[in-house]
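Read left to right, the sequence shown gives residues 1 to 383 (our numbering). Even glycine gets a Cβ: it sits at the ideal position worked out from N, Cα and C. Report on the structure given below.
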Amino acid sequence: MTESGNRGEFYVPRKELAQAIAERLSLDPLMGSPSGLMLAAPRRTGKSTFLRRDLLPVLRARGDHPVLVDLWSDRKADPGQLIADALAAEIAAMPSPVERAARALPIKAITIGGLRAEIGGVAEGRSLTLTDALLEIGARAKSDVVFLIDEAQQAVTTEAGLDAMFALKAARDAMNQRPEGARLFVLCTGSNRDGLAGLLSTNQQPFYGARVEDFPTLGRPYVEALVAAINPRLAEDNKLDPEDVAAAFRLLGHRPEKLVEVVQQHAAWLPGSAGLKRTLQERADELRARVWDQYGSDFDGLTVLQRAVLEVLIRDGSDFAPFHEKTVQRIAGIAGRKTSAQAVQKALDALRDKQLVWRPGRGRYALEDPDMRDWLLARMAQG
Ligand SMILES: Nc1ncnc2c1ncn2[C@@H]1O[C@H](COP(=O)(O)OP(=O)(O)OP(=O)(O)O)[C@@H](O)[C@H]1O
Ligand SMILES: [Mg+2]
């Protein structure tokens, strides 16, 4: 069941899920999702691991050519650039034998919304649009292309990113509506459900027609594998009960890192099975609260002004108009000091740097992790 990776980490394969999702990435009239597949799940529940370790191999095994880009891989980079770079790297790695021998790839670069990724071909080489690039990858691979975009909601934060998404739609229509040739399938994943929904809400949007679905969290097989890996190291009268571990996993929002932490603590300095049982019975709230640990430490690290900005952002939701006179005054009232639109702008930039806030469009701001909202409202209610 389990398999240790090269860094010796604990990893439980999800091959069946990978196969089920791969099946949806097809033109099959019943099982396929021709508009693209959009999967959302909370932070730290295993989305990226699944794409990399489970889905890529299954797609390759069935003969597709997958291309994966993580729009959170470099928070400072334009998402459009990350997409261009990923496609450029793919093409650069696919010269024909003749091109390789002559070191003469006839393609120079990919351009997306004014951004450019060099491929390094011959001087007179072509420059490709995103649509061209995907057609090119399909032609070179002689197979269907699956474009996997992790944290896809990030694309809408820049012009180039949005351009890339529209171009992706055009590429998909071009490739899938022709009588033959490589097909293109697109899978978007993300932690921000509303953000993903933004990619399909109107027919102007690239994935109109698709819908956001829940990406399944790790389940019982994961818990069983963890228990099976840990129990042999525990004393005979101290083994973990899979039922307890499964209950803890649920309380922890199906976050593997949190579960390992809790299990380790109980195995190391609280009597393993009995301790975990007691914690579940007497201190379930404590377990639940662990999920929010990170929010607490993030929030505590903010300045008074940043906290006030975050509070008003949460209270106003999609109506949040940060630079309006009235908003600035409310922020000042909460912070207990004078402030200005410029200072609010700086605070928002800092919140974005800290990855608490994202900008789904010019002048629009939202929580990056929507789950933080309830936590923060509860904390404010406590005063
Ligand atoms: N199948 C698995 N088996 C064991 N551990 C896993 C598995 N999938 C994920 N994990 C662990 O869970 C943690 C989170 O995984 P991952 O980074 O894939 O989640 P994510 O949902 O992409 O997170 P983020 O919201 O930060 O992008 C990692 O420590 C990872 O090792
Ligand atoms: Mg991830």
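message: Between the segment 216-236 and the segment 174-187, can you find at least three pairs of beta-carbon atoms closer than 8 Å?
response: no
task: Quick one: grab the DSSP three-state call for M38.
output: Taking the sequence shown and counting its residues from 1, the one referred to as residue 38 is at position 38. Strand, per DSSP.
task: Quickly, what does DSSP pair Y295 with across the bridge? List them, please.
output: By 1-based counting over the sequence shown, the position of residue 295 is 295. The partner list for Y295 (beta bridge, DSSP) is empty, contrary to what the question assumes.
message: Could you check whether the segment 147-167 touches the segment 360-379, counting it as contact only if at least three pairs of C-beta atoms, one from each stretch, sit closer than 8 Å?
response: Taking 8 Å as the limit for Cβ pairs, the verdict is that the segment 360-379 does touch the segment 147-167.
- request: Might you give, ordered along the chain, the residues of its own chain that have their beta carbon closer than 6 Å to the beta carbon of A321, omitting 5 neighbours on each side?
  value: Working through the sequence shown from its first residue, we reach residue 321 at position 321. Counting only Cβ-Cβ distances below 6 Å, and skipping sequence neighbours, we find T327.
query: Is it a yes or a no for the segment 272-285 touching the segment 242-249, going by three-plus beta-carbon pairs under 8 Å?
result: Taking 8 Å as the limit for Cβ pairs, the verdict is that the segment 242-249 does touch the segment 272-285.
message: Looking at A141: is its Cβ nearer than 8 Å to the Cβ of M175?
response: If you number the sequence shown from 1, residue 141 lands on position 141. If you number the sequence shown from 1, residue 175 lands on position 175. Contact: no.
message: Quick check: the Cα distance between I331 and E325, rounded to an integer number of angstroms?
response: Stepping through the sequence shown from its first residue, residue 331 is reached at position 331. Stepping through the sequence shown from its first residue, residue 325 is reached at position 325. Those two C-alpha atoms are separated by around 10 Å.
query: Where does R116 fall in DSSP's three states?
result: Along the sequence shown, one-based indexing puts residue 116 at 116. Looking at R116 - three-state DSSP - the assignment turns out to be strand.
Cβ distance (whole Å) where G113 is taken to contact A160 below 8 Å: Residue mapping note: residue 113 aligns to position 113 of the sequence shown, counting from 1. Residue mapping note: residue 160 aligns to position 160 of the sequence shown, counting from 1. That belief holds up - the Cβ atoms of G113 and A160 are roughly 3 Å apart, short of 8 Å.
task: Tell whether a beta-carbon distance below 8 Å holds between R75 and Q342.
output: As a first step, residue 75 must be located in the sequence shown, where it is residue number 75. As a first step, residue 342 must be located in the sequence shown, where it is residue number 342. Contact: no.
task: Say whether the segment 294-313 touches the segment 252-261, bearing in mind that this needs 3 or more beta-carbon pairs closer than 8 Å, one atom from each stretch.
output: no
query: Between the C-alpha atoms of S48 and R250, what's the straight-line distance to the nearest angstrom?
result: Here the question's residue 48 lines up with position 48 in the sequence shown. Here the question's residue 250 lines up with position 250 in the sequence shown. Roughly 20 Å separates the two Cα atoms.
task: Compute the minimum distance between the beta carbon of S191 and the heavy atoms of ligand 1, and state whether it is under 7 Å.
output: Translated into positions along the sequence shown, residue 191 becomes position 191. S191 Cβ: within cutoff of ligand 1.
- prompt: Which one of L162, D194, E136, A210 has the shortest CA to CA distance from L25?
  reply: Against the sequence shown, residue 25 aligns to sequence position 25. Closest by alpha carbon: A210.
message: Taking 5 Å as the limit, name every residue whose beta carbon sits nearer than that to some heavy atom of ligand 1, in sequence order.
response: Y11, V12, R43, R44, T45, G46, K47, S48, T49, S191, P256, E257
- prompt: Rounded to the nearest angstrom, how far is the Cβ of A22 from that of L59, given a contact under 8 Å?
  reply: In the sequence shown, counting from the first residue as 1, residue 22 sits at position 22. In the sequence shown, counting from the first residue as 1, residue 59 sits at position 59. Contact between A22 and L59 holds, since their C-beta atoms are separated by about 6 Å, short of 8 Å.
- request: Could you tell me whether the Cβ atoms of A267 and L305 are closer together than 8 Å?
  value: What you label residue 267 is simply residue 267 of the sequence shown in a count that begins at 1. What you label residue 305 is simply residue 305 of the sequence shown in a count that begins at 1. Cβ atoms of A267 and L305: not closer than 8 Å.
Straight-line Cα distance separating V122 from A102: Mapped onto the sequence shown, residue 102 falls at position 102. Mapped onto the sequence shown, residue 122 falls at position 122. Their backbone Cα atoms lie some 10 Å apart in a straight line.
task: Count the other CB atoms, across all protein chains shown, that sit within 10 Å of the CB of G63; report buried if there are 16 or more and exposed otherwise.
output: In the sequence shown, residue 63 corresponds to position 63, counting from 1. Exposed: under 16 other Cβ atoms inside 10 Å.
- request: Would you identify the three-state DSSP class for D416, choosing helix, strand or coil?
  value: The requested residue 416 does not occur in the structure, where the chain is confined to residues 1 to 383.
- prompt: Which residues does DSSP pair with V67 in a beta bridge?
  reply: Counting from one through the sequence shown, the residue named residue 67 turns up at place 67. DSSP, once it has assigned bridges, lists F147 as partnering V67.
message: Any contact between the segment 73-89 and the segment 120-134? By contact I mean 3 or more CB pairs, one from each, below 8 Å.
response: yes
- prompt: Taking the C-alpha atoms as reference points, what is the distance between Q345 and S143?
  reply: For this step, residue 345 is matched to residue 345 along the sequence shown. For this step, residue 143 is matched to residue 143 along the sequence shown. Each residue's Cα considered, the two are about 47 Å apart.
query: DSSP beta-bridge partners for R364?
result: Against the sequence shown, residue 364 aligns to sequence position 364. BP columns for R364 point to G361.
message: For a quick check, are the C-beta atoms of K15 and D54 less than 8 Å apart?
response: Stepping through the sequence shown from its first residue, residue 15 is reached at position 15. Stepping through the sequence shown from its first residue, residue 54 is reached at position 54. Yes, these two residues count as a Cβ contact at 8 Å.
task: Count the other C-beta atoms from every protein chain shown that fall within 10 angstroms of the C-beta of V67, then say buried if there are 16 or more, exposed otherwise.
output: If you number the sequence shown from 1, residue 67 lands on position 67. The residue is buried, with at least 16 neighbouring Cβ atoms inside 10 Å.
query: Which whole-angstrom value describes the C-beta separation of A248 and V262, a residue pair presumed to lie in contact below a C-beta threshold of 8 Å?
result: Along the sequence shown, read from residue 1 onward, the residue named residue 248 stands at position 248. Along the sequence shown, read from residue 1 onward, the residue named residue 262 stands at position 262. The pair is a contact, with the Cβ atoms about 6 Å apart (cut-off 8 Å).
field: K108 (DSSP reduced to helix, strand or coil)
entry: Here residue 108 refers to the residue found at position 108 when the sequence shown is read from its first residue. Of the three classes helix, strand and coil, the one that applies to K108 here is strand, per DSSP.
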